[in-house]
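As structure tokens, the structure follows; a few thoughts come after it.
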Amino acid sequence: MVDFDLSPQQQAIRAGVHAFATTHLKDARKTYEAAVKKPNAEWSDGFRSTQSIYAEAVKAGLIKAQIPERLGGTGGALIDAAIVVEEMYAVETSASSTILGTGLGLSPLLIGGSEEMQRRLLVPFLSGEGSPMASLVFPEPAGSANYAEVGSAGLCTVAVDKGDHFVISGEKIWATNHGGWNDRGADLLCICCRVEDAGPDMRSQTAIIVVTREDVASNDPSAFQLLAHPQPVGHTAVNGPHIRYNKLRVPKNNVLHQAKARMSSKQPPPALRR
Numbered sequence: 001m002v003d004f005d006l007s008p009q010q011q012a013i014r015a016g017v018h019a020f021a022t023t024h025l026k027d028a029r030k031t032y033e034a035a036v037k038k039p040n041a042e043w044s045d046g047f048r049s050t051q052s053i054y055a056e057a058v059k060a061g062l063i064k065a066q067i068p069e070r071l072g073g074t075g076g077a078l079i080d081a082a083i084v085v086e087e088m089y090a091v092e093t094s095a096s097s098t099i100l101g102t103g104l105g106l107s108p109l110l111i112g113g114s115e116e117m118q119r120r121l122l123v124p125f126l127s128g129e130g131s132p133m134a135s136l137v138f139p140e141p142a143g144s145a146n147y148a149e150v151g152s153a154g155l156c157t158v159a160v161d162k163g164d165h166f167v168i169s170g171e172k173i174w175a176t177n178h179g180g181w182n183d184r185g186a187d188l189l190c191i192c193c194r195v196e197d198a199g200p201d202m203r204s205q206t207a208i209i210v211v212t213r214e215d216v217a218s219n220d221p222s223a224f225q226l227l228a229h230p231q232p233v234g235h236t237a238v239n240g241p242h243i244r245y246n247k248l249r250v251p252k253n254n255v256l257h258q259a260k261a262r263m264s265s266k267q268p269p270p271a272l273r274r
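Position one of the sequence shown corresponds to residue 1 (full-length UniProt numbering), numbered consecutively onward.
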């Protein structure tokens, strides 16, 4: 049987997150259930009603806590993260998932981004202000868990190299925080897609491209289309919309993983190298 005691620092983390949860998450469900009962309300209004809770999480350092110290955050060991998740989910799930979903959304940048990209793109998430949101945009309507297997639909979202920029087309669904607070995208999107003609097979064509709200705003509104807000089971105030990219132009300087330069399968990822 494995057993251990929390260190004084970990006990302080637990106490701090417990205080946040009992203060801000305890009545979150009442807030978002009331929001969807208003006249002409849509169920996605429940998600939007949690923005003030999210902003309090930012002030409390719960976004910085998902970023490593070496990059300016306060994140520590995995056990520290487990304590945070446990204390939040013990009280409420939907608003908690939105807060923690930003950590998931930032993870490709934290693991594979260059120092320059990290310095530039992490600024809003380290400020302790506002309600900046990130999303890991991977799932697709046709399924994507086994995207590289023979016979699967593969990644249907495609990026076409146009010289100084990519043009992204395709559809994504269920990605936590994808739509952001106003359906025009999270502050930072890590989009998993296939780069056309980048390699001979699906694995060699796979890429992760960072897209910011500013990138989306620089396009015609039709390039980032909200198709629907499917309602998740259980997490009834979580944002995971069905979004269509219609020739979305994005800069090439925000590519996290380039297919042609992918690592050998025998190499560990950068985060695990010594």
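Quick reminder that beta carbons are idealized off the backbone N, C-alpha and C, glycines included.
- R213 carries a helical assignment under DSSP once its states are collapsed to helix, strand and coil.
- Under the Cβ criterion (8 Å, minimum of three pairs), the segment 95-105 counts as touching the segment 58-78.
- Approximately 12 Å separates the beta-carbon atoms of S135 and W181; this is outside 8 Å, ruling out the contact.
- Per DSSP, the continuous alpha helix (DSSP H) segment holding K30 begins and ends at 28-35.
- CA-CA distance, F166 to I208, rounds to 12 Å.
- Shown here, R119 sits in a helix according to DSSP, grouped into three states.
- In the structure shown, N246 adopts extended strand secondary structure according to DSSP, grouped into three states.
- When only Cα atoms are considered, L256 and P39 end up about 44 Å apart.
- Taking C-beta atoms as the reference points, A35 and A41 count as a pair closer than 8 Å.
- When beta bridges are read from the DSSP output, C190 appears opposite L136, V210.
- Non-local C-beta neighbours of W43 in its own chain, meaning closer than 6 Å and more than five positions away in sequence, comprise V36, Q231, ordered along the chain.
- Across the structure, A19 and G240 are spaced so that their CA atoms are roughly 28 Å apart.
- When the Cα atoms are used, D5 and A90 turn out to be separated by approximately 20 Å.
- Three or more beta-carbon pairs separated by less than 8 Å are not found between the segment 114-130 and the segment 163-178, which leaves the two stretches without contact.
- With 16 or more other Cβ atoms from the protein chains shown falling within 10 Å of its own Cβ, V238 counts as buried.
- Within the segment 63-99, the alpha helix (DSSP H) runs of at least 4 residues that lie entirely inside it are, in chain order, 78-89.
- By the C-beta density criterion, E140 is buried, having at least 16 other C-beta atoms within 10 angstroms.
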